[in-house]
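**Q**
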Amino acid sequence: MQYIIGALIIGYIIFIVLGVRMGHRPLAVMRMSLNGVRTTIALLLVLLLIGILTGTWRSAGTIVTIVWYGVQLIRPPLFLLITFLLTCLLSYALGTSFGVAGTAGVIFMTIARSGGVDPILTAGVVLSGIYFGDRTSPASSTAFTVAALTGTDLYTNVKNMLRTGFIPWLLCLVFYTYLSVTHPVSSIDPNVLRAFEDTFSLSPWTLLPAAVILIFPLLKIHIAVTLSASIAAAGAAALTVQHVPVTELLRAAILGYASPDPAVAGILNGGGLLSMLSTVVIITIACSYTGILDGTGMIRTVQARIERLAARIGLFPAMILLCLASASVFCNQIMGILLSRDLLRSSYEKQGIPKESFALDIENTAITLPALIPWCILCSVPLALLGVSYAAVPFAVYVYAVPLVNLAAKRLQKNR
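Sequential numbering of the sequence shown, starting at 0, is according to numbering that gives the first Met the number 0.
1) Can you pull the DSSP bridge partners for residue 256?
2) Quick check on DSSP: helix, strand or coil for residue 203?
3) In the DSSP assignment, find the alpha helix (DSSP H) that holds residue 93 and state where it starts and stops.
4) Compute the Euclidean distance between the alpha carbons of residue 135 and residue 170, then round it to the nearest angstrom.
5) Once DSSP output is grouped into helix, strand and coil, what is the label at residue 10?
6) Under the rule that 16 or more other beta-carbon atoms within 10 Å means buried, what is residue 72, buried or exposed?
7) Starting from the Cα of residue 212, find the closest Cα among 242, 400, 3 and 48 and give me that residue.
8) What are the start and end residues of each continuous alpha helix (DSSP H) run of 4 or more residues lying completely inside the stretch 119-199, in chain order?
9) Can you look up residue 332 in the DSSP assignment and give me helix, strand or coil?
10) Identify which residue in 301, 35 and 64 has its Cα closest to the Cα of residue 233.
11) Considering only the beta carbon of each residue, do residue 99 and residue 90 sit closer than 7 Å?
12) Just to confirm, is the Cβ distance from residue 258 to residue 249 under 7 Å?
13) Return yes when the Cβ of residue 394 is within less than 7 Å of the Cβ of residue 120, no when it is not.
14) If you check the beta carbons only, do residue 77 and residue 179 fall under 7 Å apart?
15) DSSP three-state label for residue 74, please.
16) Report yes or no: do three or more beta-carbon pairs, one from the stretch 311-323 and one from the stretch 273-283, lie closer than 8 Å?
17) Answer with buried or exposed for residue 23, where buried requires no fewer than 16 other C-beta atoms within 10 angstroms of its C-beta.
18) So, helix, strand or coil for residue 209, using DSSP?
19) Three or more beta-carbon pairs under 8 Å between the stretch 25-35 and the stretch 134-149, yes or no?
20) When you compare the stretch 287-304 with the stretch 260-274, are there three or more beta-carbon pairs, one atom per stretch, that lie closer than 8 Å?
21) Check whether the stretch 372-381 touches the stretch 319-331, taking contact to mean three or more Cβ pairs, one atom from each stretch, closer than 8 Å.
22) Can you name the start and end residues of the alpha helix (DSSP H) that residue 56 belongs to?
23) Is the distance from the Cβ of residue 75 to the Cβ of residue 401 below 7 Å?
24) Rounded to a whole number of angstroms, what is the C-alpha to C-alpha distance between residue 411 and residue 109?
25) Tell me where the alpha helix (DSSP H) around residue 359 begins and ends.
Structure follows, in structure tokens:
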């Protein structure tokens, strides 16, 4: 993250210099960048709430309880299938790919290694599960980012993503059922979960924060209210069920959870408001780019070239190529989202395509495709957490099935 932020800061300075060379005063160029940032204030506040959520959920034992109950369902021929379903559930409830990979993902990898299941297969299954939630969860920073930047309704986008992601999810279900049956786990080491049983009270009440995240969106309650209610429920569970001191709870909310048990700390530590600061900084700098590009007119040249490409090969294929190129250069999702919005929005508008469809196309490309780039943080960070090589990515079916299935669907619709 630090390298990406450093590169973005250098890019910001370059844009300032280019703006000045085009005849604009330095102060005017900086005002342009601030105009780009102003549009994301609400987004940044929600991201900070998501950070607090990840810390309080850990203190409440919510993540541990979901995993513990899920592991009880595992039977030898169902291990990989249960792994996929549980990582989907956790990532949808928590809205974070890295957080689930570093907690539940690590647990499933430990079970796989001790039970004789190929870690490469298991890691691929985990990647599919974590990016299911990273794409579709209303608590996901990327889902809210797309909604905020395209001026669309978050819950409408989530509904559309679940609809267009159903066939890719179903393909994963079939493929991982096959892998589960052909690669059964030989045994489950009881020591894997014993430390959690000793550290946390695995009460059903600890599932309340997750229930809030799952139920409130159905009632179309604003995401900020939903996150705040889940944080409050997690805080109540931490105080009353886990008997966490108030000071420790506040620390977890701000600085991240820190377990005194080394066995638990290696898996569960992290989260908190500060964990989102890197993402907030990346989005802030990236949005300042768009302000400068718009204000100076630099965007028009690039936009014209992208529009010509889209006219030749189609809007969705052009967006796929743009997001892959962005992820290869900037190593994150945010720039892909911003560039898709800024460079292709007029092309969609000229064809009379609703902004909800525009937002959906961004979600079906910019969110999962970066996980295919080896040096992108969406690929390198989860693989490092899971302790495997890039060989796991071909088994992350959901990551590439979403854009491919939707590309095929658009082609079929066009040929009718």
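Backbone N, C-alpha and C define an ideal beta-carbon position, used for all residues, glycine too.
Because the structure is a prediction, the values reported are computed rather than measured.
**A** Looking at the atomic coordinates:
1) Answer is 269, bridged to residue 256.
2) Note: residue 203 maps to helix in three-state DSSP.
3) Its alpha helix (DSSP H) spans residues 78-93.
4) Rounded to whole angstroms, residue 135 to residue 170 spans 17 Å at the Cα level.
5) If DSSP states are grouped into helix, strand and coil, residue 10 belongs with the helices.
6) That one is exposed.
7) Distances from the CA of residue 212 to each of 242, 400, 3 and 48 were compared; the closest alpha carbon is that of 48.
8) Unbroken alpha helix (DSSP H) stretches of 4 residues or longer found wholly inside the stretch 119-199: 140-149, 153-163, 165-181 and 190-198, given in chain order.
9) Assigned with DSSP and collapsed to three states, residue 332 falls in coil, not helix or strand.
10) Answer by Cα proximity: 64.
11) Contact flag set, yes.
12) It is not a contact, given that the beta carbons lie outside the stated cut-off.
13) Residue 394 is positioned such that its CB atom lies closer than 7 Å to that of residue 120.
14) It is a contact, given that the beta carbons lie within the stated cut-off.
15) Residue state, collapsed to three classes: coil.
16) Two segments are said to touch when three or more pairs of C-beta atoms, one from each, lie closer than 8 Å; by this definition the stretch 311-323 does not touch the stretch 273-283.
17) It is buried - the Cβ of residue 23 has at least 16 other Cβ atoms within 10 Å.
18) In the structure shown, residue 209 sits in a helix (DSSP, three-state: H, G or I).
19) When C-beta atoms of the stretch 25-35 are compared with those of the stretch 134-149, fewer than three pairs fall below 8 Å, so the two segments do not count as touching.
20) Result no; under three Cβ-Cβ pairs closer than 8 Å.
21) A contact exists between the stretch 372-381 and the stretch 319-331.
22) 40-59 is the span of the alpha helix (DSSP H), which, as asked, contains residue 56.
23) Cβ distance not < 7 Å, so residue 75 and residue 401 don't count as in contact.
24) Roughly 43 Å between the two C-alpha positions.
25) For residue 359, the uninterrupted alpha helix (DSSP H) segment begins and ends at 354-362.
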